[in-house]
Amino acid sequence: MTQACNTRYNILRVAVPIRLHCLFDYFAPENSFHTDFKPGMRVLVPFGRGQKVAFLIECVSHSNIDSHKLKPIIAILDAQPLLSAHDVRLLQWVSRYYHHPLGDVYTTALPALLRQGKVAALPVEECYALTALGMATDSEQLKRAPKQKALLEKFQKHACYLSAAALSNGDEKWRSALKPLLEKSLLEVAIPSIEALPADALMRNEALISNPQQHAAIDKVCDSLGQFGVFLLEGVTGSGKTEVYLQIIHTVLQQQQQVLVLVPEITLTPQLEARFRQRFSVDIAVTHSKLTDKQRNIAWLKMQQGMCSIMLGTRSALFTPLKNPGLIILDEEHDASFKQQEGCRFSARDVAVVRGKMLGIPVLLGSATPSLESFHNVNQGRYQLLHLPLRAGNATPPTFQLLDIRNKKMQEGLSAMLIAEIKDTLAKNEQVLLFLNRRGFAPTLICHGCGWVMRCSQCDANMVIHAHERRLRCHHCAYEHQLLESCPACITGQLMPLGLGTERVENVLTSLFADKVIVRLDRDSTKHKGSLERYLAQINDGHADIILGTQMLAKGHHFSQVTLVVMLDVDSGLFSIDFHAAERLAQLIVQVSGRAGREQKPGKVILQTRQPEHPLLLTLIKRGYKAFATIALSERQEALLPPFSYHILLRVQANNEDLAKQFLHTVLNLAHNSQHSTCELHTDILGPVPAPMARRAGLYRYQLLFQNQKRQVLHQFIDRLLPEIYKINRSFSVSWSLDVDPVDL
Ligand code: ADP
Ligand code: ZN
Ligand code: ZN
1 MTQACNTRYN
11 ILRVAVPIRL
21 HCLFDYFAPE
31 NSFHTDFKPG
41 MRVLVPFGRG
51 QKVAFLIECV
61 SHSNIDSHKL
71 KPIIAILDAQ
81 PLLSAHDVRL
91 LQWVSRYYHH
101 PLGDVYTTAL
111 PALLRQGKVA
121 ALPVEECYAL
131 TALGMATDSE
141 QLKRAPKQKA
151 LLEKFQKHAC
161 YLSAAALSNG
171 DEKWRSALKP
181 LLEKSLLEVA
191 IPSIEALPAD
201 ALMRNEALIS
211 NPQQHAAIDK
221 VCDSLGQFGV
231 FLLEGVTGSG
241 KTEVYLQIIH
251 TVLQQQQQVL
261 VLVPEITLTP
271 QLEARFRQRF
281 SVDIAVTHSK
291 LTDKQRNIAW
301 LKMQQGMCSI
311 MLGTRSALFT
321 PLKNPGLIIL
331 DEEHDASFKQ
341 QEGCRFSARD
351 VAVVRGKMLG
361 IPVLLGSATP
371 SLESFHNVNQ
381 GRYQLLHLPL
391 RAGNATPPTF
401 QLLDIRNKKM
411 QEGLSAMLIA
421 EIKDTLAKNE
431 QVLLFLNRRG
441 FAPTLICHGC
451 GWVMRCSQCD
461 ANMVIHAHER
471 RLRCHHCAYE
481 HQLLESCPAC
491 ITGQLMPLGL
501 GTERVENVLT
511 SLFADKVIVR
521 LDRDSTKHKG
531 SLERYLAQIN
541 DGHADIILGT
551 QMLAKGHHFS
561 QVTLVVMLDV
571 DSGLFSIDFH
581 AAERLAQLIV
591 QVSGRAGREQ
601 KPGKVILQTR
611 QPEHPLLLTL
621 IKRGYKAFAT
631 IALSERQEAL
641 LPPFSYHILL
651 RVQANNEDLA
661 KQFLHTVLNL
671 AHNSQHSTCE
681 LHTDILGPVP
691 APMARRAGLY
701 RYQLLFQNQK
711 RQVLHQFIDR
721 LLPEIYKINR
731 SFSVSWSLDV
741 DPVDL
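Residue numbers for the sequence shown, in full-length UniProt numbering: 1 to 745.
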């Protein structure tokens, strides 16, 4: 299959980035050699009335298309494949498993500039390195040329190459010393490469002394380098998981191999990148959605060409090619952002494991609150559990209190008991963190006279009040409206805010604690570039007393001075119809709580609730996350829910409700028929039902759920059904998508 093209194999089979499940055949240009074509290269092809950048999958000798209909490609864009045979195989696996067109999977895997057909070349970086002579030369010999002496010593101290950018730092004076050192053959022009990194010059700062549990975890993974294995590092918040990653990475770097580190939302945790940069002196490629296309392209190519050892990135970095792969790490493996929710809906966690297996390298998953799937995989013997039960250093775990607010007088969401606790903490000059997962002033505008509620005209959702800006906003589409003065229904009734948002809580805190500094962290308060970093620095410098925010606060932050953590409203998460919700809520509670007492002073967590007897809350605070997970898993087993069965969700949206429903009913009929014709294990089909938000941005949304206890049987079922779905959609023209292993229903 991976055969290069020769005279017999002169048909190029390519994946075109469109949403169709088929490959396209083209002729190789007449004067081309068979060695010109290798899978993983990009080619430019005529397509429709235009042309497209496509991806070479294989060279074949025969096409099912009439040869007079076949066209030649326009150009070959790469001299060498962009992707290795392993990576080509990985993308094919992704396409098959997620039932997603291969061309579109390539689109997910490649940075934008390469998708557009730009040359895969890095801007040449001016770099210099010591020669053997330079290494052996005593710099004292240059004492009469102090600038040359200083420059030579700089290289000797680093013992590896330095880029012009690193040498300049805004000052070009070093250049006058460069020329004589080059002439004396003490320095030479260098090309950065991880293979040129001397093993004793990788670190900028020494590692911490690992505690016995960390040590055991590090040893286990390091022993398994060079072979496939999945490790689940379950470490309570603040147990030093990051330190474990750093020490393992150091070993991988010493072997001149590369590490891919995936994190949920790197822009929310700039501290993590800083910790990597403080530890290692090697180049670190960072990639996420806030960077420019050019920056992401450079990061990708540096890893592909083996010029960089570490990549730190979000979900989409998963497919970055590695010249010399050593290890894949997924931090906060439970985080929902590892699941892509549009286009190819892959799970970065699951694909990382498949990639590790194909590459023959270990995969390390870390979390304080591992997903039920990963615990299940440990129970099945597929993953090895590494446990960090204690907080690192001197920190102790926080204590929990369920604060029963039934029948209590509340001041904008704060009970009197809570206000007293906050006061006590502030009096000790310690920081308080308040969590509320709703931004804006209030989630609803209601008329006190007639009960009218301001709804979004495009969605099944209420408009959220943003009081500072005097706007009403839908959080599910772009619809906005100025704040209303009078009720459009009864004219005379008084309009009131209903419910709590972070802005509203900020107001009451400002009036209660007038002399204290309050920092609000949510998508609104941090929308300007650099503002999140400023707030985080302010918190860490101790120039904030109360931190108030949304789930941004739940992400791996290390706030050293927070001792009291409050969740203002845990109840709203307890009654979801989605079976994933309990797991999500438990993870959120534990993660938010994990911000309390991370250094010397002990931490306390208060959960305000009207459900103080709720089993989920009681299990969680009395017996911990693991106990919760064990119970939740046995409930899933009893109900035959994932991970004890498998789900594939067919979602559809259309601007006509009947059309969306009819489409799914037609699919359902077809599915029933195809079921009768075989004797395999029965696939349950549930629905069609409206999606939890049945109308969004003007579109009606319905879904159909397929469930089977055997993964393979389910996938084969969908494979058979898929061509039929394409066929019927020719007469419906709705927008549909398949979600394999959905994380929300
Ligand atoms: P996690 O990633 O598990 O939340 P971190 O790696 O952020 O934990 O560690 C929490 C804190 O403990 C950090 O301040 C870190 O520097 C410190 N720490 C980690 N390991 C050690 C150790 N072995 N000795 C002393 N302090 C440590
Ligand atoms: Zn809307
Ligand atoms: Zn009214």
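We put the beta carbon where it would ideally sit given N, CA and C, even for glycine.
Is it true that the CB of Val652 sits closer than 8 angstroms to the CB of Tyr726? Taking the first residue of the sequence shown as position 1, residue 726 is located at position 726. Taking the first residue of the sequence shown as position 1, residue 652 is located at position 652. Cβ atoms of Tyr726 and Val652: not closer than 8 angstroms.
Counted within 10 angstroms of its Cβ, other Cβ atoms place Phe575 as buried (16 or more) or exposed: Working through the sequence shown from its first residue, we reach residue 575 at position 575. Exposed is the call here.
Exposed or buried, which one is Pro643 when buried takes at least 16 other CB atoms within 10 Å? As a first step, residue 643 is located in the sequence shown; it is residue number 643 there, counting from the start. Answer is buried; the Cβ neighbour count reaches 16.
Bridge partners for Ala708 per DSSP, in chain order? In the sequence shown, residue 708 corresponds to position 708, counting from 1. The amino acid at residue 708 is misidentified as Ala; the sequence shows Asn. Note: Asn708 sits in a beta bridge opposite Tyr646.
Does the separation of the CB atoms of Ile586 and Tyr625 fall below 8 angstroms? Reading the sequence shown from its first residue, position 586 is the one you call residue 586. Reading the sequence shown from its first residue, position 625 is the one you call residue 625. Sequence inspection shows Ala at residue 586; the Ile mentioned does not correspond to that position. Result yes, Cβ atoms of Ala586 and Tyr625 sit closer than 8 angstroms.
For the beta strand (DSSP E) that contains Trp736, what are its first and last residues? The sequence position of residue 736 within the sequence shown is 736, counting from 1. Following the DSSP letters along the chain, one finds Trp736 inside the beta strand (DSSP E) bounded by residues 735 to 740.
Residue interval of the alpha helix (DSSP H) (run including Gln80): Reading the sequence shown from its first residue, position 80 is the one you call residue 80. Unbroken run through Gln80: none, as it is neither H nor E.
Whether Lys323 touches Gln295 by CB criterion (8 angstroms): By 1-based counting over the sequence shown, the position of residue 323 is 323. By 1-based counting over the sequence shown, the position of residue 295 is 295. At the C-beta level, Lys323 and Gln295 stay beyond 8 angstroms of one another.
Residue range of the unbroken alpha helix (DSSP H) whose run includes His376: Reading the sequence shown from its first residue, position 376 is the one you call residue 376. 372 to 379 is the span of the alpha helix (DSSP H), which, as asked, contains His376.
Enclosing beta strand (DSSP E) for residue 746 [first to last residue]: The shown model of the chain, from 1 to 745, leaves out residue 746, and the question about it has no answer.
To the nearest angstrom, how far is it from the Cα of residue 781 to the Cα of Ala420? Only positions 1 to 745 of the chain appear in this structure, which leaves residue 781 out of reach.
Note down the Cα distance separating Cys5 from Phe55, rounded to an integer number of angstroms. Locating residue 5 in the sequence shown gives position 5, counting from the first residue. Locating residue 55 in the sequence shown gives position 55, counting from the first residue. Summary for Cys5: the model assigns pLDDT 45, below 50, so the residue's position carries little reliability; its value from the coordinates is reported in the next sentence. Between the C-alpha atoms of Cys5 and Phe55 there is a straight-line separation of about 15 angstroms.
Three-state secondary structure (DSSP) at Tyr9? To locate residue 9, count along the sequence shown from 1; it is residue 9. Here Tyr9 carries a coil assignment [DSSP, helix/strand/coil].
Sequence ranges, beta strand (DSSP E) only - wholly within the segment 520 to 599, length at least 3: Counting whole runs of 3 or more residues, the segment 520 to 599 contains the beta strand (DSSP E) stretches 546 to 549, 562 to 567.
For Phe155, count neighbouring Cβ atoms within 10 angstroms of its own Cβ and tell me buried if that reaches 16, exposed if not. Stepping through the sequence shown from its first residue, residue 155 is reached at position 155. It is buried - the Cβ of Phe155 has at least 16 other Cβ atoms within 10 Å.
Taking C-alpha atoms, which residue in Leu568, His665, Ala671 lies nearest to Pro688? For the purposes of this step, residue 688 is identified with residue 688 of the sequence shown, where counting begins at 1. For Pro688, the nearest C-alpha among the options comes from His665.
Count the CB pairs spanning the segment 175 to 182 and the segment 249 to 263 that are closer than 8 angstroms, and state whether there are at least three. Judged by Cβ distances under 8 angstroms, the segment 175 to 182 makes no contact with the segment 249 to 263, as fewer than three pairs qualify.
Give the DSSP bridge partners of Tyr128, in chain order. Against the sequence shown, residue 128 aligns to sequence position 128. Looking at the DSSP assignment, Tyr128 forms a beta bridge with Leu162, Val189.
Using a Cβ-based criterion (distance less than 7 angstroms to any ligand heavy atom), does Cys308 qualify as near ligand 2? Translated into the one-based positions of the sequence shown, residue 308 becomes position 308. Checking the Cβ of Cys308 against ligand 2 gives no.
Quick check: the Cα distance between Gln3 and Glu58, rounded to an integer number of angstroms? Along the sequence shown, one-based indexing puts residue 3 at 3. Along the sequence shown, one-based indexing puts residue 58 at 58. Summary for Gln3: the model assigns pLDDT 44, below 50, so the residue's position carries little reliability; its value from the coordinates is reported in the next sentence. C-alpha of Gln3 to C-alpha of Glu58: approximately 7 angstroms in a straight line.
Where DSSP assigns a beta bridge to His481, which residues make up the other side? Start at 1 with the first residue of the sequence shown, and residue 481 comes out as number 481. Answer is Leu472, bridged to His481.
Nearer than 7 angstroms: is that true of the beta carbon of Tyr106 relative to any heavy atom of ligand 2? The residue you call residue 106 lines up with position 106 of the sequence shown. False, no ligand heavy atom lies under 7 angstroms from that Cβ.
Between the C-alpha atoms of Lys604 and Ala166, what's the straight-line distance to the nearest angstrom? For the purposes of this step, residue 604 is taken as residue 604 along the sequence shown, with counting starting at 1. For the purposes of this step, residue 166 is taken as residue 166 along the sequence shown, with counting starting at 1. Straight through space, the alpha carbons of Ala166 and Lys604 are spaced by roughly 45 angstroms.
Same chain only: Cβ atoms within 6 angstroms of Trp452, ignoring 5 sequence neighbours per side: Residue 452 sits at position 452 when you count from the first residue of the sequence shown. Cβ neighbours of Trp452 beyond the five flanking positions: Cys487, Ala489.
Using only Cβ atoms and a threshold of 5 angstroms, which residues come within that distance of a heavy atom of ligand 3? Order them by chain position. Going by the Cβ distance cut-off, the answer is Cys447, Gly449, Cys450, Trp452, Cys487, Ala489, Cys490, Gly493.
Return yes when the C-beta of Ala461 is under 7 angstroms from any heavy atom of ligand 2, and no when it is not. Here the question's residue 461 lines up with position 461 in the sequence shown. Ala461 Cβ: within cutoff of ligand 2.
Keeping to the same chain, check which residues put their C-beta closer than 6 angstroms to that of Ser371; ignore five residues upstream and five downstream. Here residue 371 corresponds to residue number 371 of the sequence shown, with the count starting at 1. Answer for Ser371: His334, listed in chain order.
May I ask you to report which of helix, strand or coil DSSP gives Leu409? By 1-based counting over the sequence shown, the position of residue 409 is 409. For the sequence presented, residue 409 should be read as Lys rather than Leu. The three-state reading of DSSP puts Lys409 in coil, since its state is none of H, G, I, E or B.
Rounded C-beta distance between Glu412 and Val508? I'm assuming under 8 angstroms. Working through the sequence shown from its first residue, we reach residue 412 at position 412. Working through the sequence shown from its first residue, we reach residue 508 at position 508. Between Glu412 and Val508 a beta carbon distance of about 4 angstroms is seen, short of the 8 angstroms cut, so the two are scored as contacting.
Report yes if the C-beta distance between Tyr245 and Ile329 is below 8 angstroms; otherwise report no. Along the sequence shown, one-based indexing puts residue 245 at 245. Along the sequence shown, one-based indexing puts residue 329 at 329. Contact flag set, yes.
Starting from the C-beta of Arg481, find all residues in its chain whose C-beta is less than 6 angstroms away, skip the five residues before and the five after it, and write them out in chain order. Locating residue 481 in the sequence shown gives position 481, counting from the first residue. According to the sequence displayed, residue 481 carries His and not Arg. Counting only Cβ-Cβ distances below 6 angstroms, and skipping sequence neighbours, we find Leu472.
If I measure Cβ to Cβ from Leu721 and keep anything under 8 angstroms in the same chain, skipping five residues before and after, which residues do I get? As a first step, residue 721 must be located in the sequence shown, where it is residue number 721. When the five nearest sequence neighbours on each side are left out, the beta carbons in the same chain lying within less than 8 angstroms of the beta carbon of Leu721 are those of Val667, Leu670, Ala671, Ser674, in order along the chain.
Say yes only if the C-beta of Gln458 is nearer than 7 angstroms to one or more non-hydrogen atoms of ligand 2, and no if none qualify. As a first step, residue 458 is located in the sequence shown; it is residue number 458 there, counting from the start. Correct: Gln458 has its Cβ closer than 7 angstroms to ligand 2.
On a Cα-Cα basis, can you pick out the residue from Ser593, Arg711, Ala639, Ser735 that is closest to Lys661? Locating residue 661 in the sequence shown gives position 661, where the first residue counts as 1. When only C-alpha atoms are compared, the closest one is Ser735.
Would you call the segment 501 to 516 and the segment 419 to 438 touching, i.e. three or more CB-CB distances under 8 angstroms? Yes: the two stretches touch, three or more of their Cβ pairs being nearer than 8 angstroms.
Could you check whether the Cβ of Ala697 sits closer than 7 angstroms to any heavy atom belonging to ligand 4? This structure simply doesn't include ligand 4; it includes ligand 1, ligand 2 and ligand 3 instead.
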